[in-house]
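In my numbering, the protein residues as written are 105 to 297.
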C-alpha cells in the first residue's frame, strides 16, 4: 500500500499486517452488531476463536504454575506453590478477565503472601464468603488437574525419566504410564526411560 504524509506530495509505500483481538462476536449477522460489515470482512482473513479461560480448566493450572514461576523469580520470593484449596478456588472461579486477570492475581498473591504456599485468600482477597454451589467444578476435574501437575513436576525434576518420576510419586511405572496417557502428558517422558 501507499499513503501521502500530511502536507506531503510524494507517496510513501509500506507493508503491514493487522492482528487484532476482541472478546465480542463481530461476525454475528442478527442486525445487532454495530461493527462495520465491510471492515469485518477485510479483517477476518484468518479468524482464530479461543474459548474463555473458564472453559479450559486444564490451562488454568498450567498458567498458575507458569505465572507463579515468573513472578517468584522476579520478586525473589520463596513461594513453593499453590495450596490444594487455592487450586480448587482457581478452578471454580469464572475468570471474567481471562488470562490477564489470572496473571495479575498470581503476581499480587506472590507480592503479598506471607506463607510458602499461596492460599485462596491470597488469590481472591475480596471473597469473604464461600463460593456459590453453581461455581463448583466436578471433583474428578480437580483431582485430574492436581495429578497432572504433580506428574509434570516429577517429570521435570527427573528430566523425563519414568522410573525416577514414578519413584518420586511413590507409584509403579505402569501406574505412572497409565496416568500420563489418561491425562495427556505422555509426550513429556524421555524415550530412554
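Ideal Cβ placement from N, Cα and C applies to all residues, glycine included. As the structure is a prediction and not an experimental result, all values here were calculated from the model.
For a test of the three-state rule: what should DSSP assign to residue i, helix, strand or coil?
i	result
residue 185	strand
residue 106	strand
residue 145	helix
residue 205	helix
residue 158	helix
residue 199	coil
residue 129	coil
residue 230	coil
residue 287	helix
residue 266	helix
residue 277	helix
residue 212	helix
residue 296	With a pLDDT of only 41 at residue 296, under the threshold of 50, the placement of this residue in the model should not be trusted; the figure read from the coordinates follows. Residue 296 falls in the coil class under three-state DSSP.
Is the beta carbon of residue j closer than 8 angstroms to that of residue i?
i	j	result
residue 202	residue 167	no
residue 175	residue 214	yes
residue 253	residue 181	no
residue 287	residue 280	no
residue 266	residue 289	no
residue 222	residue 171	no
residue 162	residue 246	no
residue 269	residue 259	yes
residue 275	residue 220	no
residue 137	residue 143	no
residue 241	residue 188	no
Just list the residues that DSSP pairs residue i with in beta bridges.
i	result
residue 221	185
Taking the beta strand (DSSP E) that residue i falls in, what are its first and last residues?
i	result
residue 117	115-117
For the alpha helix (DSSP H) holding residue i, just list the boundary residues, first then last.
i	result
residue 169	161-179
residue 150	Taken as a continuous stretch (DSSP letters only), residue 150 belongs to no alpha helix (DSSP H), as it is neither H nor E.
residue 254	243-261
residue 121	Careful: residue 121 lies outside any alpha helix (DSSP H) and carries neither H nor E.
Restricting to Cα atoms, I'd like to know which of the options is closest to residue i.
i	options	result
residue 194	262, 256, 181 and 225	225
residue 121	127, 105 and 110	105
residue 248	219, 152, 264 and 283	283
residue 127	204, 216 and 109	204
residue 119	155, 107, 173 and 151	107
residue 217	114, 196, 190 and 200	190
residue 229	261, 244, 209 and 114	209
residue 257	241, 244 and 173	173
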